[in-house]
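Enquirer:
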Amino acid sequence: MKNLMYALIALMMLYFGLQHISLSGDQTQTVFAMSWLCLAIFVIGGNFAHYLYRPKQQVQANQLKSYKQIQKKRQRQTLR
Numbered sequence: 000m001k002n003l004m005y006a007l008i009a010l011m012m013l014y015f016g017l018q019h020i021s022l023s024g025d026q027t028q029t030v031f032a033m034s035w036l037c038l039a040i041f042v043i044g045g046n047f048a049h050y051l052y053r054p055k056q057q058v059q060a061n062q063l064k065s066y067k068q069i070q071k072k073r074q075r076q077t078l079r
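Read left to right, the sequence shown gives residues 0 to 79 (numbering that gives the first Met the number 0).
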């Protein structure tokens with residue numbers, strides 16, 4: 000879930016950044032703009048790929064771990 004949030008934040012940054020970047024100008028500005036866009040696309044793609052291709056067992060293990068933590072809290076509360 001954290002990777003999906005990071006990807007959405009990167010998309011928002013890309014949206015606002017594209018309004019201020021011009022691909023026309025001298026060579027230094029063009030190279031910077033193209034490298035910035037390339038990096039932004041890699042960041043967004045990497046976060047989406049991690050979100051889409053994460054192993055299902057890891058998700059189930061995290062859910063089981065949080066369930067066990069909740070059960071321990073309940074047991075401690077009943078003992079008090």
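Quick reminder that beta carbons are idealized off the backbone N, C-alpha and C, glycines included.
Any idea if N46 is buried or exposed, counting beta-carbon neighbours within 10 angstroms, 16 or more meaning buried?
Expert: The residue you call residue 46 lines up with position 47 of the sequence shown. Classification for N46: buried.
Enquirer: How many Å lie between H85 and I8 at the Cα?
Expert: Within the shown structure, residues of the chain are numbered from 0 to 79, placing residue 85 beyond reach of any answer.
Enquirer: Please state if the CB of A39 and the CB of L13 are separated by a distance shorter than 8 Å.
Expert: In the sequence shown, residue 13 corresponds to position 14, counting from 1. In the sequence shown, residue 39 corresponds to position 40, counting from 1. It is a contact, given that the beta carbons lie within the stated cut-off.
Enquirer: Please report how far the alpha carbon of A32 lies from the alpha carbon of A60, in whole angstroms.
Expert: Walking along the sequence shown from the start, residue 32 turns up at place 33. Walking along the sequence shown from the start, residue 60 turns up at place 61. Answer to the nearest angstrom: the Cα atoms are 42 Å apart.
Enquirer: Rounded to whole angstroms, what is the Cα-Cα separation between N2 and L63?
Expert: Mapped onto the sequence shown, residue 2 falls at position 3. Mapped onto the sequence shown, residue 63 falls at position 64. Going from the Cα of N2 to the Cα of L63 covers about 20 Å.
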